[in-house]
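Colleague:
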Amino acid sequence: MEKKIKVLMVQRNYPHYRQAIFQKLATHPMIDFTLLYGDQAGVGGIENVENDPIVNCVVKPVSCLPLTQKKISVFPYMYEYVRNGDYDVLIVANDLYCLNLLPALKVARKRGKKICIFSIGFPQYRQWLRDKVRIWLAHKVDAMILYSYAHRQRYIDSGVPGEKIFVAPNAVDVDSIVAAEAKMTNETLENFKKKNGFAGNPTIIHAGRLVENKRLDILIKAIAKIVKTIPNIKFISIGDGPMMITWQKLAQQLGVSENIHWPGSIVEQGELCYWFHSSDICVAPGQQGLIANLCHAYGLPLITSDCSRLQGPEIQVFTNGKTGLFYLYEDVDDLVAKMEELLNNRERRLQMGNEARRRIFEDFTVDKMCQGFIDGINYALNKRYEIP
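In the numbering used here, the protein residues as written are 407 to 794.
#1: What distance in whole Å lies between the Cβ atoms of residue 662 and residue 633, which are believed to be in contact at a cut-off of 8 Å?
#2: Grab me the residues of residue 770's own chain with a C-beta within less than 7 Å of its C-beta, minus the 5 sequence neighbours each way, in chain order.
#3: Could you give the DSSP three-state label for residue 661: helix, strand or coil?
#4: Short of 6 Å in beta carbon distance, which residues of its chain neighbour residue 439, apart from the five on each side in sequence? Order them along the chain.
#5: Can you give me the Cβ contacts of residue 675 inside the same chain, cut-off strictly under 8 Å, excluding the 5 residues immediately before and after it?
#6: Would you kindly check if the distance between the Cβ of residue 681 and the Cβ of residue 636 is under 7 Å?
#7: My assumption, with CB atoms under 8 Å, is that residue 551 sits in contact with residue 524. Please give the rounded CB distance.
#8: For residue 554, does the three-state DSSP call read helix, strand or coil?
#9: If we ignore side chains and look at the alpha-carbon of each, how far apart do residue 522 and residue 656 end up?
#10: Which residues mark the beginning and the end of the beta strand (DSSP E) in which residue 667 is found?
#11: So, is residue 591 buried or exposed, given that buried needs 16 or more other C-beta atoms within 10 angstroms?
#12: Nearer than 6 Å: is that true of the beta carbon of residue 765 relative to any heavy atom of the ligand HEM?
#13: Leaving out five residues before and five after residue 486 in sequence, what residues of the same chain have Cβ atoms less than 7 Å from its Cβ?
#14: With contact counted as at least three CB pairs below 8 Å, one residue from each stretch, are the region 592-600 and the region 611-626 in contact?
#15: Quick one: Cα of residue 792 to Cα of residue 437, how far?
#16: Around the C-beta of residue 794, are 16 or more other C-beta atoms found within 10 angstroms, so that it is buried, or is it exposed?
#17: Would you mind stating whether residue 609 and residue 640 have Cβ atoms separated by less than 7 Å?
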């Protein structure tokens, strides 16, 4: 039996939405996978996964230094582990705000280790110097693993060789969704709807961190208008964050508090499936990310902003007019019109939702994402292994 490839991945934290892909890598027959991440829960507002029984985790201190609106991180053990750890391939995030990143890459290269960058690609907000550094770094590593083909093309257009750039489309765990749905019965779903006041009422949903760029203020203002024509409309906002109180106060000021549910942060599909299956559409009025994958996996069409700078690479799962609708960013009246368009047309809504779910289950699975990582690792080592 051929010796396993020892892969070390370094991340600032271990968010729940990464657990499925990390577990997939950890159980791959040709990979010996170790995840090194910081112990500071809530870095970037995201809590760490605790006690993963599958992934070999090394948890070490990380701290952040405030600098204007950015967070500069210090992760000393990253450098120490890269210098002394046992691995063949190092995978790191393209985190230019981590002070230990470049020194760690330099020592890995001196040791003759292969280096892969796992990155969103280019940030949504363009910045000339930062983008130049990213392109420079892309030339220095052995392989890049990105979320989207659009960002891959942008690197190619910037002169980075395309053969070293691989795509691991960001994914939600569709297997856990199917398992959760299998346990849910029509009776338990109807009881859930009745308990929360959703039965017979048009319902929209949003899920994600409640931070300013999600712009739920736009959606709450739209709800305040749409209640005039659809008075029994309900809105579910799953998640928590620094903007929750502000947006709850806005809902109270506009007189729509009774129309909105704030269940807090929910990450388990066994719970999420009830909230999503109680909903008719999903709306992401500002920045969207994995919410596009999640709502599509549950067969819901998405209404989201046409503002390209707010769109994460996950927008690749979305097609305007087929799996949802764009609305004119910050135009409350247009958002109301798009919501009414889908809420009042059940046939079109279901058609979009079915196409959205098909696309996720065929093209944006954890297996597909894992293969992107494997392809990048293989290229770095000049090997060719497939997911069994």
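Heads up, the beta-carbon is just placed ideally off N, CA and C, and yes, glycines get one too. These figures come from a predicted structure and were not determined experimentally.
Modeller: On the basis of the coordinates in this document:
#1: Residue 633 sits at position 227 when you count from the first residue of the sequence shown. Residue 662 sits at position 256 when you count from the first residue of the sequence shown. Yes, they are in contact, since the Cβ atoms of residue 633 and residue 662 sit about 6 Å apart, within 8 Å.
#2: Against the sequence shown, residue 770 aligns to sequence position 364. Contacts found: 575, 577, 699, 723.
#3: Taking the sequence shown and counting its residues from 1, the one referred to as residue 661 is at position 255. Coil at residue 661, not helix or strand.
#4: As a position in the sequence shown, residue 439 is number 33, starting the count at 1. Correct list, in chain order: 413, 431, 432.
#5: Taking the sequence shown and counting its residues from 1, one reaches residue 675 at position 269. Excluding residues within five positions, the ones whose Cβ falls inside 8 Å are 579, 582, 583, 585, 586.
#6: For this step, residue 636 is matched to residue 230 along the sequence shown. For this step, residue 681 is matched to residue 275 along the sequence shown. Contact: no.
#7: The residue labelled residue 551 in the question sits at position 145 within the sequence shown. The residue labelled residue 524 in the question sits at position 118 within the sequence shown. The pair is a contact, with the Cβ atoms about 5 Å apart (cut-off 8 Å).
#8: Translated into positions along the sequence shown, residue 554 becomes position 148. In the structure shown, residue 554 sits in coil (DSSP, three-state: anything other than H, G, I, E or B).
#9: Sequence index remark: in the sequence shown, residue 522 carries index 116 (1-based). Sequence index remark: in the sequence shown, residue 656 carries index 250 (1-based). Each residue's alpha carbon lies about 45 Å from the other.
#10: Here residue 667 refers to the residue found at position 261 when the sequence shown is read from its first residue. Element bounds for residue 667: 666-670.
#11: For the purposes of this step, residue 591 is taken as residue 185 along the sequence shown, with counting starting at 1. Flag for residue 591 reads exposed.
#12: With respect to the ligand HEM, the structure offers nothing, as it holds no ligand at all.
#13: In the sequence shown, residue 486 corresponds to position 80, counting from 1. Excluding positions up to five away in sequence, the list is empty.
#14: no
#15: Locating residue 792 in the sequence shown gives position 386, counting from the first residue. Locating residue 437 in the sequence shown gives position 31, counting from the first residue. Because residue 792 sits at a pLDDT of 47, beneath the cut-off of 50, its placement in the model cannot be relied upon, and the point is left open.
#16: Stepping through the sequence shown from its first residue, residue 794 is reached at position 388. Annotation note: pLDDT 43 at residue 794 (below 50); position unreliable, coordinate value reported separately. Burial call: exposed.
#17: One-based indexing of the sequence shown puts residue 609 at position 203. One-based indexing of the sequence shown puts residue 640 at position 234. A contact, by the Cβ cut-off of 7 Å.
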